[in-house]
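A short worksheet on the structure shown next.
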Amino acid sequence: MNVSLSPQTGDGSLFGKPLFEDPSARALSRVGVVDVGSNSVRLVVFDGAARSPAYFYNEKIMCALGAGLSDTGHLNPEGRGRALNALTRFQRLAEGMGLSDLSVVATAAVRDASDGLEFRSDVLRETGLNVRVIDGREEARLSAQGVLLGWPGSYGLVCDIGGSSMELAEISDGEVGRRVTSDLGPLKLQTVKGGKKGRRAHIKTVMEQLQGEMGTQRDRLFLVGGSWRAIARVDMHRRGYPLHVLHEYRMTPQSVQRTAKFIQEHDDHEALRGACGISSARMALVPLAAEVLWRLVKTFRPKDIAVSSYGIREGMLYEQMPQRLRDRDPLIEACRFAEAKDARMPGFGKLLYQFIEPLFKSAPEQRKRLIKAACLLHDVSWRAHPDYRAEVCFDNATRANLGGLKHSERIFLGLALLHRYTNKREGTHFEELYDLIDEKTQRDAEILGKAMRFGAMLWMEKDAERGEFRWFPKKRELELHLSPDAMPLFGEVAEARLNSLAGSLNAQVTVKKRRH
Numbered sequence: 028m029n030v031s032l033s034p035q036t037g038d039g040s041l042f043g044k045p046l047f048e049d050p051s052a053r054a055l056s057r058v059g060v061v062d063v064g065s066n067s068v069r070l071v072v073f074d075g076a077a078r079s080p081a082y083f084y085n086e087k088i089m090c091a092l093g094a095g096l097s098d099t100g101h102l103n104p105e106g107r108g109r110a111l112n113a114l115t116r117f118q119r120l121a122e123g124m125g126l127s128d129l130s131v132v133a134t135a136a137v138r139d140a141s142d143g144l145e146f147r148s149d150v151l152r153e154t155g156l157n158v159r160v161i162d163g164r165e166e167a168r169l170s171a172q173g174v175l176l177g178w179p180g181s182y183g184l185v186c187d188i189g190g191s192s193m194e195l196a197e198i199s200d201g202e203v204g205r206r207v208t209s210d211l212g213p214l215k216l217q218t219v220k221g222g223k224k225g226r227r228a229h230i231k232t233v234m235e236q237l238q239g240e241m242g243t244q245r246d247r248l249f250l251v252g253g254s255w256r257a258i259a260r261v262d263m264h265r266r267g268y269p270l271h272v273l274h275e276y277r278m279t280p281q282s283v284q285r286t287a288k289f290i291q292e293h294d295d296h297e298a299l300r301g302a303c304g305i306s307s308a309r310m311a312l313v314p315l316a317a318e319v320l321w322r323l324v325k326t327f328r329p330k331d332i333a334v335s336s337y338g339i340r341e342g343m344l345y346e347q348m349p350q351r352l353r354d355r356d357p358l359i360e361a362c363r364f365a366e367a368k369d370a371r372m373p374g375f376g377k378l379l380y381q382f383i384e385p386l387f388k389s390a391p392e393q394r395k396r397l398i399k400a401a402c403l404l405h406d407v408s409w410r411a412h413p414d415y416r417a418e419v420c421f422d423n424a425t426r427a428n429l430g431g432l433k434h435s436e437r438i439f440l441g442l443a444l445l446h447r448y449t450n451k452r453e454g455t456h457f458e459e460l461y462d463l464i465d466e467k468t469q470r471d472a473e474i475l476g477k478a479m480r481f482g483a484m485l486w487m488e489k490d491a492e493r494g495e496f497r498w499f500p501k502k503r504e505l506e507l508h509l510s511p512d513a514m515p516l517f518g519e520v521a522e523a524r525l526n527s528l529a530g531s532l533n534a535q536v537t538v539k540k541r542r543h
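Position in the sequence shown (first residue = 1) + 27 = this note's numbering.
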């Protein structure tokens, strides 16, 4: 098991050439979208690597456009005024950011209201923005595409809940299939007659109709929408879950049932709202959304449940991507972009990966993907103060806006980058998070971090040929073969770091000078 660290062209077979500098991707490097929903109006400006974009700007105004719509047939007058003010502000912000255009879509409230067309005319006259009203099936498709932005090639059932509607869409092999819409938004449910009993009967009837249209859906359930994210916050609070990152947070059907009951039986929703960081306007809808979620899970019986922070807005960005960009791994593209922007020696991450890869020959592809990501990110935090650099790396990896990462993978990546700068992980502010992965995975992250810590000492030229690792796991023997040019770089500190790596591997280490 060995690989020579020497200059190569191309990018190997595991990861293709990065696309963030491609003209088709650069055109998407800063894109602004506005979602005019029944409950909120939000502006998002995406920036960076298009395949895994950062949120350059993100602002939400709770307008409640759809409040009272079922009774009056009109948009909420107060909400209508607030929405127009918000869109005026967003248009001016876009001008200031140099955006050539804002894509604005409106969903159920504007779609269903008798004065929806009048509202759109007001927006066009006051702001110059053309509001595109989409039907429920199109809303479901865009939300599903948003999920595909974060989970390329995934499969399951996407459920997007807004204020006035709830959409379902199936995804399989990166494609959107059947789609349906319903009136199960919490603003609409406030007007259902018959109290709690009548409302729950209505939810059950509609959900059975949706199941009849969608068929059996026993794979993963992806939850999109602010009310679902609020319920996930409550679930985290109830469980005492330490990593407060909503994207890719997992729930089981059992935990959904417990949390729905916890919400219904909690005697102080204001205290619960404060503890979970939920707005008052959102918290008013959470008990109703919890009833819908419980019935959704009971009806479709998914194998597991994942919260998605990506939805209709991300789906609008995905809509503009060429297929070859859609097919890329969002994690690797984002890490490559970070390396190109912030590393001292862009391009070295690939070389470092090739150097340490013999230590992980038997690792599954999913683990090698994380190893690649770690190598690309190993130097992007070099500007942080040395005393805090390890913790900065861990915090960035675990909480950054990165697609395609489970929470356990975030912890693995964070620990590897922490060990890139320190031998010990005890004594940090993040120790409660370590237990989200098992001891073996923690040790593998430590080995990766120490391997990067040592490898980074041998190169200040990304095309230099320095040496190679040879690893014999059955005999627990590690050999380092160094070129004559590299021997002077193998000083006391480098030797200490190599010995620390060997200790984590529980291996004997030998250093050999390689002849030309």
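All residues carry an ideal CB built from backbone N, CA and C; glycine is no exception.
What does the alpha-carbon distance come out to for the pair residue i and residue j?
i, j, result
"ARG410", "PHE249", "37 angstroms"
"LYS451", "SER307", "43 angstroms"
"ASP98", "LEU211", "16 angstroms"
"ASP200", "ILE332", "18 angstroms"
"GLN393", "PRO373", "24 angstroms"
"GLU522", "ILE398", "23 angstroms"
"LEU528", "ALA513", "19 angstroms"
"TYR448", "GLU488", "20 angstroms"
"LYS539", "VAL334", "50 angstroms"
"TYR345", "ARG300", "33 angstroms"
"LEU32", "GLU275", "Its pLDDT being 36, under 50, LEU32 is placed unreliably in this model, and the value from its coordinates should be taken loosely. Their Cα atoms are separated by approximately 36 angstroms."
"ASP139", "ASP414", "57 angstroms"
"GLU473", "LEU445", "8 angstroms"
"ARG328", "THR243", "9 angstroms"
"GLU297", "ALA196", "34 angstroms"
"ALA136", "GLY108", "14 angstroms"
"VAL283", "TYR337", "20 angstroms"
"ARG168", "GLU105", "30 angstroms"
"TYR380", "GLY183", "33 angstroms"
"GLU485", "SER181", "First, the residue type needs correcting, since residue 485 is Leu and not Glu in the sequence shown. The straight-line gap from Cα to Cα measures roughly 40 angstroms."
"GLY125", "ARG541", "55 angstroms"
"THR326", "HIS229", "14 angstroms"
Provide the residue span of the alpha helix (DSSP H) that contains residue i, from first to last.
i, result
"ARG109", "104-123"
"VAL520", "519-532"
"LYS399", "392-404"
"LEU126", "Run containing LEU126: none; DSSP gives neither H nor E here."
"PHE364", "357-369"
What does the Cβ neighbour count give for residue i, buried or exposed, with the cut at 16 atoms within 10 Å?
i, result
"SER191", "buried"
"GLU194", "buried"
"HIS412", "exposed"
"ASN526", "exposed"
"GLN172", "buried"
"THR537", "exposed"
"SER141", "exposed"
"ALA478", "buried"
"MET263", "buried"
"LYS224", "exposed"
Closer than 8 angstroms by C-beta to residue i: which residues in its own chain qualify, once you throw out the five before and the five after it? Chain order, please.
i, result
"ARG226", "LEU216, VAL219, LEU315, GLU318"
"LEU463", "PRO269, LEU270, HIS434, SER435, ILE438"
"ARG503", "LEU532, ASN533, ALA534, GLN535"
"TYR82", "VAL71, VAL72, PHE73, ASP74, ASN428"
"GLU235", "THR326"
Apart from the five residues just before and just after residue i, which ones in its own chain have a Cβ nearer than 6 angstroms to its Cβ?
i, result
"PHE457", "PHE421"
"ASP369", "VAL407"
"ALA121", "GLY59, LEU129"
"GLY95", "ASN103"
Can you find the residues in the same chain that come closer than 7 angstroms, C-beta to C-beta, to residue i, ignoring five residues on each side of it along the sequence?
i, result
"ARG164", "ARG206, THR208"
"LEU460", "PRO269, LEU270, THR425, ILE438"
"LEU156", "LEU114, GLN118, LEU129, VAL131, VAL150"
"THR468", "PHE439"
"ALA400", "LEU358, ILE359, CYS362, LEU440"
"GLN238", "THR326, PHE327"
"LEU386", "ILE474, ALA478, PHE496, TRP498"
Can you tell me where the beta strand (DSSP E) with residue i in it begins and where it stops?
i, result
"ARG497", "494-499"
"GLU504", "504-509"
"THR537", "535-540"
"ARG247", "247-251"
"ARG159", "158-160"
With hydrogens ignored, establish whether the beta-carbon of residue i is closer than 6 angstroms to any heavy atom of the ligand MN.
i, result
"PHE146", "As presented, the structure is devoid of all ligands, the ligand MN included, so that no description of it is given."
Can you find a CB in chain B that lies within less than 7 angstroms of the CB of residue i?
i, result
"PRO329", "Reference to chain B is not applicable here, since this structure consists of a single protein chain."
Kindly provide the ranges of any beta strand (DSSP E) runs that are 3 or more residues long and lie completely inside the region 169-215, ordered along the chain. 183-188, 193-199, 202-209
Beta strand (DSSP E) runs contained entirely in the region 55-83, provided each spans 3 or more residues: 57-63, 67-74
Which runs of the alpha helix (DSSP H) fall wholly inside the region 291-336 and span at least 4 residues, in chain order? 296-303, 307-310, 313-327
Ranges of the alpha helix (DSSP H) found wholly within the region 434-498, counting only runs of at least 4: 434-446, 458-461, 466-482
Please specify which runs of the alpha helix (DSSP H), each continuous and at least 4 residues long, are wholly inside the region 227-290, giving them in chain order. 253-266
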